[in-house]
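Chemist: Structure incoming, see below.
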Amino acid sequence: MIDELLRRQGELQAGADAVVADLGLDAALAELGDPVRTGSSALGLMVVPDIDITVVCPVLDVDAVVALAGRLARHERVRVVQFRKDSGRWNTEPDAYPDGLYLGVKYRDGHGGEPEWNADIWFVDEPDRQPDLGHVRALPARITPEARAAILLIKHSRPDYRGVDVYRAVLEDNVRTPGFSARWRATHGQ
């Protein structure tokens, strides 16, 4: 099963890179700040077609992000673009996250039977407060082949678990099987 999960991860990784390229995200996001791929597509831990990118911006520019949303919405393979303002009074977790702007993009490559891709793009101007940027710096050196296999197995078996919680369980508490569930989550405030 691990070999299949590793093969699938490689396919999803290549697919994520192709989606980013087809949408021209590297260049488009660079116009607004410094785009950083985060999450499973940055860490080589993909089990679903999902791309996370955080753009470090000099300032949060609603007009520029909305203009980008409009450009993405016109792409022939984009089905949905969602904009959300999580700044000021709209930031519901200001102690945990900086103010930010969000674009959610649903993309399908047009070949029959292919999955729909989800891209979560965050724009922040306080990068030191953005947890995913810390994860993408700190985690790669800690992901051994054994840890990678455990993470992929757990994420595949338990798609309802947040990736960051699986990473913590495997890397900090040496969890290696999907059966850790309720006990680990209860002792870790989940």
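With our numbering, the residue at position 168 of the sequence shown is 164, and numbering never jumps. Just so you know, even glycine gets a beta-carbon here, dropped at the ideal spot from N, CA and C.
If we count the other Cβ atoms within 10 Å of its Cβ and call it buried at 16 or more, is arginine 80 buried or exposed?
Modeler: It counts as exposed.
Chemist: Report the partner residues of asparagine 114 according to the DSSP bridge assignment.
Modeler: Paired residue(s): Asp46, Lys102.
Chemist: Which residue spans inside the stretch 18 to 102 form an unbroken alpha helix (DSSP H) run of at least 4?
Modeler: As far as the stretch 18 to 102 is concerned, its whole alpha helix (DSSP H) runs of at least 4 residues are 21 to 26, 36 to 39, 58 to 69.
Chemist: Would you say the stretch 135 to 145 touches the stretch 106 to 121, given that touching needs at least three Cβ pairs under 8 Å?
Modeler: No, the stretch 135 to 145 is not in contact with the stretch 106 to 121.
Chemist: Opposite valine 120 in the DSSP bridges: which residues?
Modeler: For valine 120, which the question treats as bridged, DSSP gives the partners Val52, Gly96.
Chemist: Would you be able to state if there are at least three C-beta pairs under 8 Å between the stretch 91 to 109 and the stretch 157 to 164?
Modeler: Too few Cβ pairs lie closer than 8 Å, so no.
Chemist: How far does the alpha helix (DSSP H) with glutamine 157 in it extend, from its first residue to its last?
Modeler: Sequence check: residue 157 is tyrosine here, not glutamine. Where tyrosine 157 is concerned, there is no enclosing alpha helix (DSSP H), given that its DSSP letter is neither H nor E.
Chemist: DSSP state of isoleucine 139, grouped into three classes?
Modeler: If DSSP states are grouped into helix, strand and coil, isoleucine 139 belongs with coil.
Chemist: Whose CA, out of Cys53, Val171, His184, Pro136, lies closest to the CA of serine 196?
Modeler: Any answer about residue 196 is impossible in this case: the structure gives the chain only from -3 up to 186.
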